[in-house]
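J.: Here's a structure for you.
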Amino acid sequence: MRPFAVPLVVPLGSRGHRAYQAAGAVIATLFVLLAPVLLEDYRITQLGQALAYAVALLGLNLVTGISGQISLGHGAMFGIGAYTTAILVSDHGWPFAGALAVSGVVGVVFGVVIGLPALRLSGLYLAIVTITAATAFPLVVVQPFAQELGTGGASGKPVVLDWGKPSWFLLDVSPVGFRFVLVGVVCAIVFALTGMLVRGRVGRAMMAVRDNPTAAAAAGVNLAQTKVGAFAFSTMLAGIGGSLFMLMVPIVSPDSVGFPLSLLFITAMIIGGETRVAGALVGGFVMVFLPTVTSELALQVPVLADLPQPGLLATVLYGVILAICIFFLPQGVVPLVTAQRERFIRFVPRGVPAAPAPHGPELPDRTSSTQVPAPR
Amino acid sequence: MYDVIANPAYLVQLVLSGLSIGSVYALFAISFVIAWKSTSHLNLAAGELGSLGVFTLSSVAAAGAGAWAAVPLVLAGSAAVGAALHHGLVRHVAKKGVFPVVLLTLAVYLVANALVGLVWGTQPIAAPRLFPTGPDAQIVLLQGPPQAYLTYGDLASFAALAIVVAGLALFLRGTRFGLAYRAVAANRESAGLVGIPLARTAALGWALSALIATLSAVLLGVRNGSLDYMMMTPLLVFGLTGATVGGLESLRGAVAGGLALGVLVNLLPGLLRFVSGDMGLVIALVLVLAVLLLRPQGLFGVKRLERV
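Encoded structure:
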């Protein structure tokens, strides 16, 4: 018998499962604390960008993967968070934590304003409204009234954060490293809370709305409320992500938060896996590292190195990867990783037989079935 | 100060140029609606297919061939690309749902947009000269400063919209393919049951969509006098807004929505003096939100009743 031929089966919520989760938390903590000690500032900045993107992508996962609506405007929401933070911190002397919170609130407000008209209807209206918002946002920023608010117009808005490492922080890190730790901590909190939300009652309601709106409504789920709530929560996360991004790249300009950013978010979400919380993390790293990797690769190919715009090659590659994912990998890469893990260790709900019976899974008790009858 | 809204010639000029750019929006909105009616999918790649077409046209014209002779070739080519896009890619994803198709057209958008940027560069290039342009090439309607006038680009936009609307009306009402298309638009399942080839009808819808989008791209390029690899993204949004305002299912609505949007985008900055610069997309956003709040099915749309 080959080793590991039979996976270890662990019930959810058992001591073994808790130990697995704790190990994951320890690894994440070590990563956030050790990366700034071991790496140089340039790499730390990239990792921090990836984490900030991941927070916004988590929001996108929530609205698209979990509750089944499509948003093409998360770049704008990310930008709103970034601008809010930049203006509050630089012009009004707010502490960063306050600006972060306000960025989230502003995200919620815009989510409700945009989501409420579009999400009462089924179908593609959210996509239409958000694509308009994503293209309009960079133009709003350069308007005179927006410049009076302090957006800095076309040249962008810098954030003035003169933060060194405080004395109570014992690790030997650079100022960038300390800011990275902050990003990591906020990111971990957001992921933990959102994970709980998705696994709980609210998440189940969202998935019910995604899978069968009629059945969900019949089961007592308020469709409009759930959809608008999911969208507002997701735009809040996008605002927080944009705010965190300011810790890593202390300037935001209209060009950096336009429609292309929204498209990158969508692509990264699909590559990571739209229905998985972990997919957002993968997507964040894809957003940061795919353009770098492609342009480095392109420089080594003689024909491609002569092209006037090597950055556009990354865009071509994004498009091709997006199409490939839609065809062959609609769930993204995270389920592939999960499948590999399940060869060794599987987590099953309590009370479910450890291995499926040879003739297929046992039918659950009829009376306790949570299945709803399919609509006619 | 001549540029006050109360000045009749200025007002006429604003409305005229609004209607004129509105015709381009209306064409693009028609392109959405024509793909939507046959498949219930949004073709977000249409603009970039048009962009490919108009850049090709400029290269062909620069190579010495007559620009006018190249126009029908480019239009036919983009129709073929549109049909191939549906037949080769979209059709296979369509059964997975609406969102994968939107994402797929976005993937095509990304690739086509970046390809245009790679081949023709990211700097604006000269548009093909199809008719006289410049400060003197205009037909003055009202004399004296400020003038009210029409350019040849305005006339071409009106003419193109009229030709497309008339052509579609003839095609949809007068031919077997048009009848099949209308049957599919009315009820896809029943149309399939009576033997109408759904895949072919859908490909026809997407071919027409790409063709009309290319026509609007050519018009936009000629009006601007230059071609830019990002020029179709705002038009995509304006077209989408026009189609939504008019009702996604209605060709009549697309025309009305596009024209209304053009006039609004031109008039509002004249009326409200505190906005300045390029506010068109913001006006579009506010308009589409307002329409979805007040009349979700669009101005000309029909509420579909569903049995569940």
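Taken in order, these protein sequences are the chains called A and B. Note that the numbering used here has the first sequence beginning at 1, numbered continuously upward. Note that the numbering used here has the second sequence beginning at 1001, numbered continuously upward. The beta carbon of each residue, even a glycine, is placed where N, CA and C say it ideally should be.
(1) With DSSP as the reference, label Leu1289 (chain B) as helix, strand or coil.
(2) Please classify Leu30 (chain A) as buried or exposed, where buried requires at least 16 neighbouring CB atoms within 10 angstroms.
(3) Taking Tyr83 (chain A) as the query, report the chain B residues whose CB atoms sit under 7 Å from its CB, ordered along the chain.
(4) If I'm right that Leu1106 (chain B) touches Leu322 (chain A) with Cβ under 8 Å, what's the distance once you round it to whole angstroms?
(5) Check the DSSP bridge columns for Ser1226 (chain B) and list the partner residues they point to.
(6) Ile1279 (chain B) touches chain A at which residues, Cβ-Cβ below 9 Å?
(7) May I have the straight-line CA-CA distance separating Phe137 (chain A) from Val1282 (chain B), to the nearest angstrom?
(8) Please state the DSSP three-state secondary structure of Lys157 (chain A).
(9) Of the residues A:Glu40, A:Pro95, A:Thr132 and A:Tyr42, which one's Cα is nearest the Cα of Met77 (chain A)?
(10) Compute the distance between the beta-carbons of Ala1210 (chain B) and Ser1023 (chain B), then report whether it is under 9 Å.
(11) If we ignore side chains and look at the alpha-carbon of each, how far apart do Asn1224 (chain B) and Leu281 (chain A) end up?
(12) Would you tell me roughly how many angstroms separate the C-alpha atoms of Gly1018 (chain B) and Ala1009 (chain B), rounded to the nearest one?
(13) State the CB to CB distance for the pair Met236 (chain A) and Ile66 (chain A), rounded to an integer number of angstroms; the pair is presumed to be in contact (CB under 8 Å).
(14) With which residues is Thr1151 (chain B) paired in a DSSP beta bridge?
(15) Opposite Val252 (chain A) in the DSSP bridges: which residues?
(16) Across which residues does DSSP place Arg346 (chain A) in a beta bridge pair?
(17) Just to check my reading of the structure: Gly332 (chain A) and Arg276 (chain A) have Cβ atoms closer than 8 Å, yes? What is that Cβ distance to the nearest angstrom?
(18) So, helix, strand or coil for Ser1051 (chain B), using DSSP?
(19) Are the Cβ atoms of Val1291 (chain B) and Leu1299 (chain B) separated by less than 9 Å?
(20) Answer yes or no: do Val1222 (chain B) and Ala1156 (chain B) have a C-beta to C-beta separation smaller than 9 Å?
(21) From Leu1168 (chain B) to Tyr125 (chain A), what distance separates their C-alpha atoms?
(22) For Pro213 (chain A), report the span of its alpha helix (DSSP H) as first-last.
(23) From Val301 (chain A) to Thr292 (chain A), what distance separates their C-alpha atoms?
(24) Please confirm whether Thr1241 (chain B) has its beta-carbon closer than 9 Å to some beta-carbon of chain A.
(25) Please return the same chain residues whose Cβ sits closer than 7 Å to the Cβ of Gly79 (chain A), not counting the five positions on each side in sequence.
(26) Using a Cβ cut-off of 8 Å, pull out every chain A residue sitting near Thr1244 (chain B), in sequence order please.
(27) From the beta carbon of Val1237 (chain B), is the nearest beta carbon of chain A less than 9 Å away?
(28) If you draw a straight line from the alpha carbon of Ala216 (chain A) to that of Val228 (chain A), how long is it in whole angstroms?
(29) When you compare the CB of Val320 (chain A) with every CB in chain B, is at least one pair closer than 9 Å?
(30) Any beta carbon from chain A within less than 9 Å of Phe1131 (chain B)'s own beta carbon?
(31) Pro254 (chain A): which of A:Ala97, A:Thr151 and A:Gly59 sits nearest, CA to CA?
(32) From the DSSP output, in three-state form, read off Leu119 (chain A) for me.
(33) So what does DSSP say about His1041 (chain B), is it helix, strand or coil?
(34) Starting from Ala28 (chain A) and walking both ways along the alpha helix (DSSP H), at which residues does that stretch end?
(35) Short check: CB of Ile1030 (chain B) to CB of Ala1254 (chain B), under 9 Å?
(36) Gly1097 (chain B) by DSSP, collapsed to three states: which one?
T.: Per the coordinate set shown:
(1) Three-state DSSP puts Leu1289 (chain B) in a helix.
(2) exposed
(3) Chain B residues near Tyr83 (chain A): none, gap ~16 Å exceeds 7 Å.
(4) 7 Å
(5) B:Ala1126
(6) The residue you asked about is not Ile; residue 1279 (chain B) is Met in the sequence shown. Going along chain A in sequence order, the residues near Met1279 (chain B) (Cβ under 9 Å) are Ala136, Leu139, Val140 and Gln143.
(7) 8 Å
(8) DSSP places Lys157 (chain A) in strand when its eight states are reduced to three.
(9) A:Thr132
(10) Taking 9 Å as the Cβ cut-off, Ala1210 (chain B) and Ser1023 (chain B) do not qualify as a contacting pair.
(11) If you draw a straight line from the Cα of Asn1224 (chain B) to the Cα of Leu281 (chain A), it is about 43 Å long.
(12) 14 Å
(13) Not really, about 15 Å apart at Cβ, beyond 8 Å.
(14) B:Gln1138
(15) A:Lys157
(16) A:Val9
(17) 7 Å
(18) helix
(19) yes
(20) yes
(21) 26 Å
(22) Pro213 to Ala218
(23) 15 Å
(24) yes
(25) Phe137, Gly242, Val252 and Val257
(26) Per Cβ cutoff of 8 Å: Tyr125 and Ile128.
(27) It does: the Cβ of Val1237 (chain B) has a partner Cβ on chain A nearer than 9 Å.
(28) Between the alpha carbons of Ala216 (chain A) and Val228 (chain A) lies a distance of about 15 Å.
(29) yes
(30) Between Phe1131 (chain B) and chain A, the shortest Cβ-Cβ separation is not below 9 Å.
(31) A:Thr151
(32) DSSP, reduced to helix, strand and coil, places Leu119 (chain A) within a helical segment of the structure shown.
(33) The answer is coil: DSSP assigns His1041 (chain B) none of H, G, I, E or B.
(34) Arg15 to Leu38
(35) yes
(36) coil
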